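Participant: Numbering (this note's numbering), first residue to last: 30 to 272.
Beta carbons are placed, not taken as given, at the ideal position from N, Cα and C, and that holds for glycine.
None of the values given here were measured: they were computed from a predicted structure.
The structure is given below, and queries will be raised subsequently.
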Amino acid sequence: MIETPPSPPAAVDVVLPCLDEAGALPWVLERIPSGWRAIVVDNGSTDGSADIARSLGAHVVHEPRRGFGAACHAGLTAATADVVCFCDCDASLDPTLLPAVAGAVLAGTADLVLGRRRPLTRGAWPLHARLANLELARMVRRRTGLRLHDLGPMRAARREPLLALALTDRRSGYPLQMVVRAADAGWRVAETDVPYRPRTGRSKVTGTWRGTWQAVRDMRSVLAEPPAADPVAAAATGRGTER
Numbered sequence: 030m031i032e033t034p035p036s037p038p039a040a041v042d043v044v045l046p047c048l049d050e051a052g053a054l055p056w057v058l059e060r061i062p063s064g065w066r067a068i069v070v071d072n073g074s075t076d077g078s079a080d081i082a083r084s085l086g087a088h089v090v091h092e093p094r095r096g097f098g099a100a101c102h103a104g105l106t107a108a109t110a111d112v113v114c115f116c117d118c119d120a121s122l123d124p125t126l127l128p129a130v131a132g133a134v135l136a137g138t139a140d141l142v143l144g145r146r147r148p149l150t151r152g153a154w155p156l157h158a159r160l161a162n163l164e165l166a167r168m169v170r171r172r173t174g175l176r177l178h179d180l181g182p183m184r185a186a187r188r189e190p191l192l193a194l195a196l197t198d199r200r201s202g203y204p205l206q207m208v209v210r211a212a213d214a215g216w217r218v219a220e221t222d223v224p225y226r227p228r229t230g231r232s233k234v235t236g237t238w239r240g241t242w243q244a245v246r247d248m249r250s251v252l253a254e255p256p257a258a259d260p261v262a263a264a265a266t267g268r269g270t271e272r
């Protein structure tokens with residue numbers, strides 16, 4: 030993993046996994062909350078995304094291993110702030126909403142907060158992706174007891190407990206593994222609604238049936254993992270789960 034020189038400490042770090050998002054980056058980066066640091070993880074872009082992000086003041090990390098989870102985890106390991114947010118880099122989610130997502134984590138009333146996507150238009154969230162998400166939410170409830178409605182990519186948690194979860198998935202199962210291991214560790218997991226816009230450019234995962242169901246297969250593998258015998262993050266939070 031190759032990084033640009035470190036930026037000054039920030040109140041919150043925002044991890045933005047990026048693969049050919051040149052068209053969306055200016056809109057996304059200008060909407061990062063003041064005082065928060067954008068960490069753009071370039072996952073092999075060929076459209077100059079890394080240079081655009083750098084020119085707009087983002088901290089750029091290069092992750093050569095392809096995969097959504099690989100990009101997210103590279104951003105997490107590059108983060109230095111106590112609280113870390115994750116957000117897609119395709120302009121489907123508005124970074125100005127991140128303080129609402131991170132608020133309960135910053136206040137100490139939740140350990141992991143997920144943004145529940147609420148589509149603004151019919152085309153913002155394709156039918157096959159919605160159906161897959163509903164099925165995954167059902168499986169998560171059965172596996173963990175958490176009554177979630179969405180495994181949304183906009184989320185917030187504290188950095189050290191996240192690292193203590195020892196996430197291993199480096200593909201589409203990374204967001205789900207975070208939720209499952211957090212539940213196993215006794216974290217308080219909450220949802221808050223966020224508007225979901227049509228993305229800029231074509232989705233690498235949910236833009237096709239094939240990509241969507243490949244993601245579902247990745248996530249089924251995560252759900253099949255046995256609970257950790259001694260979840261180290263439980264000690265890191267020291268609190269029970271709200272389900």
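Distance, Cα to Cα, Trp-56 vs Leu-48?
Facilitator: One C-alpha to the other measures close to 16 Å.
Participant: Going along the chain, which residues of its own chain have a beta-carbon closer than 7 Å to the beta-carbon of His-178, five neighbours each way excluded?
Facilitator: The answer, listed in chain order, is Arg-145, Ala-166, Glu-220.
Participant: Would you check if the segment 58-77 and the segment 95-104 touch, i.e. whether three or more CB-CB distances between them fall below 8 Å?
Facilitator: The segment 95-104 vs the segment 58-77: in contact.
Participant: Just verifying my parser: in three-state terms, what is the DSSP assignment at Cys-116?
Facilitator: DSSP places Cys-116 in coil when its eight states are reduced to three.
Participant: Taking the beta strand (DSSP E) that Leu-192 falls in, what are its first and last residues?
Facilitator: Per DSSP, Leu-192 belongs to no beta strand (DSSP E); it is in the alpha helix (DSSP H), 188-193.
Participant: In angstroms, rounded to a whole number, what distance separates the CA positions of Gly-64 and Leu-192?
Facilitator: 23 Å
Participant: What ranges does the alpha helix (DSSP H) occupy inside the segment 67-111, keeping only unbroken runs of at least 4 residues that lie completely in it?
Facilitator: 78-84, 97-107
Participant: Measure the alpha-carbon distance for Val-218 versus Ala-211 and round it to whole angstroms.
Facilitator: 8 Å
Participant: Leu-205: buried (16+ other C-beta within 10 angstroms of its C-beta) or exposed?
Facilitator: With 16 or more neighbouring CB atoms inside 10 Å of its own CB, Leu-205 falls in the buried class.
Participant: Taking its Cβ as the centre, do 16 or more other Cβ atoms sit within 10 Å of Ala-120, making it buried, or is it exposed?
Facilitator: It counts as buried.
Participant: Run the CB neighbour count on Ser-84, radius 10 Å, all protein chains shown included, and call it buried at 16 or more, exposed below.
Facilitator: Exposed: under 16 other Cβ atoms inside 10 Å.
Participant: By alpha-carbon positions, which one of Gly-52, Gly-181, Arg-66 ends up nearest to Val-41?
Facilitator: Arg-66
Participant: Thinking just about the alpha-carbon of each residue, which of Pro-148, Ala-131, Arg-147 is nearest to the one in Asp-140?
Facilitator: Ala-131
Participant: Any idea what DSSP makes of Thr-221, helix, strand or coil?
Facilitator: strand
Participant: Leu-160 and Val-169: beta carbons closer than 9 Å?
Facilitator: One thing to note: Leu-160 has its Cβ no nearer than 9 Å to the Cβ of Val-169.
Participant: Given Thr-150, which residues of its chain have a CB within under 7 Å of its CB, disregarding the five upstream and five downstream residues?
Facilitator: Pro-227
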